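Remarks on the structure that follows.
Residue numbers (this note's numbering): -17 to 100.
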């Protein structure tokens, strides 16, 4: 008898299509396995749906942020353009002469105020 057990195959393969095939797992175990897999699949679906909604909300928020940043960029470009024009006005020699006369009471130097450097 010991020899018969040693020479017997370890695994016996029976196909499901075989009419003599019988499942060895009880019905309640199969139901619990099906229910567990259905719950797991449902949980994965819910997690994916929540992730999709979160991504959509992030996309909308980023759109608003981008729009706000674009408006701020336009505003800063306008300020830069105005400051460049004002800077050009202040660097103009005729404008500087006018400001010197009107605000500071300056005049061109007299001949005795000039110093010749060699």
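For glycine and all other residues, C-beta sits at the position ideal for the given N, C-alpha and C.
Model, not experiment: these values are computed from the prediction.
Can residue 71 and residue 77 be called in contact, C-beta distance under 7 Å?
Cβ distance < 7 Å, so residue 71 and residue 77 count as in contact.
Provide the residue span of the alpha helix (DSSP H) that contains residue 75, from first to last.
From DSSP, the alpha helix (DSSP H) with residue 75 extends over 75 to 86.
Taking only the alpha-carbon atoms, compute the straight-line gap between residue 87 and residue 98 and give it to the nearest angstrom.
Roughly 24 Å separates the two Cα atoms.
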